[in-house]
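In my numbering, the protein residues as written are 4 to 308. Positions of the beta carbon are idealized from the N, C-alpha and C atoms, including for glycine. Please read the structure below before turning to the comments.
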Amino acid sequence: MKKYSILLFTLLLTLSSCDYFEKANAVEHKLRKIENNVKTISREVKAINNELTKEQSSAKESETSSKKKKTSTSQLSSSILTPKERKDISELILYRHAYICSYNSEKGIPNWVAWHLTADHVTGPYKREGIKFHEDEDTPRPWVNTYDYNRSGYDRGHMCPSGDNKWSQLAQEQSFLMSNMCPQNHNLNTGDWNEMENQCRKWAKKYGSVDIVCGPIFIGNKHKRIGTHKVMVPEAFFKVVLCREGGKPKAIGFIYRNTEGNRPKDAYVNSVDEVERITGYDFFSQLPDEVEKRVEKEANLSDWN
C-alpha cells in the first residue's frame with residue numbers, strides 16, 4: 004500500500020511539474036511578446052523624437068535665418084546711404100531690392116530715395132517697356148496712383164531711375180512704384196535731370212560704384228497739390244553723390260528748380276554741406292568725421308570729370 008502511495012505521489016508531482024513548466028513557458032512567451040512590443044514602441048518613440056529634433060532644428064535655422072535677414076535690414080538702415088532721421092517730418096522707411104525709400108504719406112511722395120549704383124548695374128536685359136506705374140501697397144491708404152498725375156501738367160518723375168535698374172526684373176518693377184515718384188516738370192524730367200542720371204551712370208562705370216541720394220525740396224509754406232490724393236508738388240529737387248572708390252572719397256551736390264531749363268551741369272552744382280543746409284538732412288554721416296567734413300564742403304565738378 005505504501006508503495007502505491009509513493010507512485011501516486013510521484014505521478015502527481017510529475018503532472019504538477021508539467022503544468023508548472025507549461026505555465027512557465029506561457030509566461031515566458033508573454034514576457035518575450037511584451038519585450039518585443041516594448042522594443043517596437045521604443046523604436047517608434049525614438050523615431051518620433053528624431054522627427055521632433057529635426058523640426059526643432061529646422062525651426063531654429065528658420066529663426067536664425069529670419070534674424071539674419073532682420074539684421075541685414077537693420078544694417079541697411081544705418082548704412083552710409085541713409086540720411087539721419089528727422090523727427091519733424093512724416094517718414095516710413097521702405098526697403099526695396101535696389102534702393103531705400105523714405106516715404107511721406109502726408110505729401111504722397113518720398114522724402115528721399117537712396118541707392119548704391121555699381122558699374123554692373125548700369126546695363127542689363129530688363130527694360131521699362133510693358134511695366135506700368137503702380138500703387139505701393141506697403142504705404143498707408145489711401146494709395147497714390149498714376150491717375151493723380153493725369154492732366155496735372157507734371158510727369159511721374161522717378162527718383163531712383165528705371166535706367167539704374169536694368170540689371171534685375173524685380174528692381175525694374177519696383178522702380179515704377181508710385182512711392183518712388185514726384186511731380187516733376189516735363190522739361191526737367193526729360194532734360195537736365197535725365198542728363199544728370201546719365202552722368203551718374205558714367206561715374207559708376209568710371210569709378211566702379213557711387214552712392215546716390217535724391218529727393219524733393221519744398222520752399223515756403225504753401226505748396227501746390229495735384230490729383231484726388233492731393234500729391235504735393237516740390238519747388239525743387241536735390242541730388243548728392245558720393246564716390247568711395249580709389250582710396251580718396253569725394254562728394255558733390257546738385258539742386259534743380261522744378262521748372263523748365265537747359266543749363267550746363269555746373270549750373271546746378273552745390274556742396275553737400277549746402278544741400279544739407281537747404282534740406283535739413285545729414286548725409287553720409289557714417290563716414291569718419293574728418294572725411295565727411297572734407298568731402299561735404301567740396302563743390303568742384305572738374306574733380307569728377
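Going by CA-CA distance only, name the one from Asn153, Tyr259 and Lys227 that's closest to Asn197.
Here residue 197 corresponds to residue number 194 of the sequence shown, with the count starting at 1. The shortest C-alpha separation from Asn197 is found at Tyr259.
Within 10 angstroms of its Cβ, does His124 collect 16 or more other Cβ (buried), or is it exposed?
Translated into the one-based positions of the sequence shown, residue 124 becomes position 121. Label assigned to His124: buried.
Over the uninterrupted beta strand (DSSP E) stretch that includes Asn114, give me the two end residues.
Here residue 114 refers to the residue found at position 111 of the sequence shown. Ile112 to Thr121 is the extent of the beta strand (DSSP E) around Asn114.
If you drop the 5 nearest sequence neighbours on each side, which residues of the same chain put their C-beta closer than 7 Å to that of Gly166?
Taking the first residue of the sequence shown as 1, we reach residue 166 at position 163. These residues qualify, in order along the chain: Glu200 and Arg204.
Between the stretch 179-191 and the stretch 130-144, do three or more beta carbon pairs fall short of 8 Å?
With the cut-off at 8 Å, the stretch 179-191 and the stretch 130-144 touch.
Which residue spans inside the stretch 186-270 form an unbroken alpha helix (DSSP H) run of at least 4?
189-193 and 195-210
Does the stretch 231-250 come close enough to the stretch 106-114 to have 3 or more Cβ pairs within less than 8 Å?
yes
So, for Thr283: in the same chain, excluding its five sequence neighbours on each side, which residues have a beta-carbon less than 7 Å away from its beta-carbon?
Translated into positions along the sequence shown, residue 283 becomes position 280. Checking the sequence, you will find Gly at residue 283 rather than Thr. Here the set comprises Arg89.
Contact check, Glu299 vs Ala254 under 8 Å by CB: the rounded distance?
If you number the sequence shown from 1, residue 299 lands on position 296. If you number the sequence shown from 1, residue 254 lands on position 251. Confirmed, about 6 Å.
Bridge partner(s) assigned by DSSP for Gly160:
As a first step, residue 160 is located in the sequence shown; it is residue number 157 there, counting from the start. In DSSP, Gly160 forms a bridge with Cys185.
So, helix, strand or coil for Val125, using DSSP?
Numbered from its first residue, the sequence shown carries residue 125 at position 122. When secondary structure is reduced to three states using DSSP, Val125 falls in the coil class, being assigned neither helix nor strand.
Proximity to Asn153 [Cα-Cα], best of Gln187, Lys169, Ser305 and Lys251:
For this step, residue 153 is matched to residue 150 along the sequence shown. For the residues Gln187, Lys169, Ser305 and Lys251, the minimum Cα distance to Asn153 belongs to Gln187.
What are the boundary residues of the beta strand (DSSP E) that includes Leu97?
Here residue 97 is taken as the residue at index 94 of the sequence shown, counted from 1. Per DSSP, Leu97 belongs to the beta strand (DSSP E) from Leu95 to Tyr98.
Beta strand (DSSP E) segment containing Ile103, residue limits:
The residue labelled residue 103 in the question sits at position 100 within the sequence shown. Where Ile103 is concerned, the enclosing beta strand (DSSP E) stretches over Ile103 to Asn107.
Taking C-beta to C-beta, are Ala122 and Gly256 nearer than 7 Å?
Within the sequence shown, the letter at position 119 stands for residue 122. Within the sequence shown, the letter at position 253 stands for residue 256. Their beta carbons are not under 7 Å apart, which means Ala122 does not touch Gly256 by this criterion.
Could you give the distance in angstroms between the alpha-carbon of Pro267 and the alpha-carbon of Val275?
Position 264 of the sequence shown, counted from the start, is the residue given in the question as residue 267. Position 272 of the sequence shown, counted from the start, is the residue given in the question as residue 275. Going by the C-alpha atoms only, they are around 19 Å apart.
By the three-class DSSP mapping on this structure, what secondary structure does Glu277 have?
To locate residue 277, count along the sequence shown from 1; it is residue 274. In this structure, Glu277 counts as helix in the three-state DSSP scheme.
Reference Cys163; option with closest CA among Ala207, Val147, Trp206 and Trp115:
Mapped onto the sequence shown, residue 163 falls at position 160. Of Ala207, Val147, Trp206 and Trp115, the residue nearest in Cα terms is Trp115.
Whole-angstrom distance between Phe286 and Lys225, CA atom to CA atom:
Mapped onto the sequence shown, residue 225 falls at position 222. Mapped onto the sequence shown, residue 286 falls at position 283. Roughly 26 Å between the two C-alpha positions.
Limits of the alpha helix (DSSP H) - the one that Arg297 falls within:
Sequence index remark: in the sequence shown, residue 297 carries index 294 (1-based). Arg297 -> alpha helix (DSSP H) spans Asp292 to Glu299.
I'd like the list of long-range same chain contacts for Thr193, defined as Cβ closer than 6 Å, with 5 residues on each side in sequence excluded.
For the purposes of this step, residue 193 is taken as residue 190 along the sequence shown, with counting starting at 1. Nothing meets the Cβ criterion.
In the DSSP assignment, the alpha helix (DSSP H) including Ala174 goes from what residue to what residue?
Residue numbering aside, residue 174 sits at position 171 when the sequence shown is read from its first letter. Counting along the chain, the alpha helix (DSSP H) containing Ala174 begins and ends at Gln172 to Gln177.
Label Ile222 either buried or exposed according to how many other C-beta atoms from any shown protein chain fall within 10 Å of its C-beta, with 16 as the threshold for buried.
Looking up residue 222 in the sequence shown gives position 219. Exposed, because fewer than 16 other Cβ atoms sit within 10 Å of the Cβ of Ile222.
What number of angstroms, rounded off, separates the C-alpha of Arg228 from the C-alpha of Pro219?
What you label residue 228 is simply residue 225 of the sequence shown in a count that begins at 1. What you label residue 219 is simply residue 216 of the sequence shown in a count that begins at 1. The alpha-carbon atoms of Arg228 and Pro219 are separated by roughly 14 Å.
Between Ser68 and the rest of its own chain, which residues show a CB-CB distance below 8 Å, the 5 nearest in sequence each way excluded?
Taking the sequence shown and counting its residues from 1, the one referred to as residue 68 is at position 65. At Ser68, the pLDDT of 39 sits below 50, so the modelled position is not reliable and the matter cannot be decided from this model.
Taking C-alpha atoms, which residue in Leu173, Pro128 and Gln289 lies nearest to Pro86?
Position 83 of the sequence shown, counted from the start, is the residue given in the question as residue 86. Per the Cα distances, Gln289.
Supposed contact pair Cys246 and Val213 - C-beta distance, whole angstroms, cut 8 Å
For the purposes of this step, residue 213 is taken as the residue at position 210 of the sequence shown. For the purposes of this step, residue 246 is taken as the residue at position 243 of the sequence shown. Rounded, the Cβ-Cβ distance is 5 Å, consistent with contact.
If Ile215 sits next to Leu97, beta carbons under 8 Å apart, how far is it from one beta carbon to the other, in whole angstroms?
For the purposes of this step, residue 215 is taken as the residue at position 212 of the sequence shown. For the purposes of this step, residue 97 is taken as the residue at position 94 of the sequence shown. The Cβ separation is near 17 Å, so there is no contact.
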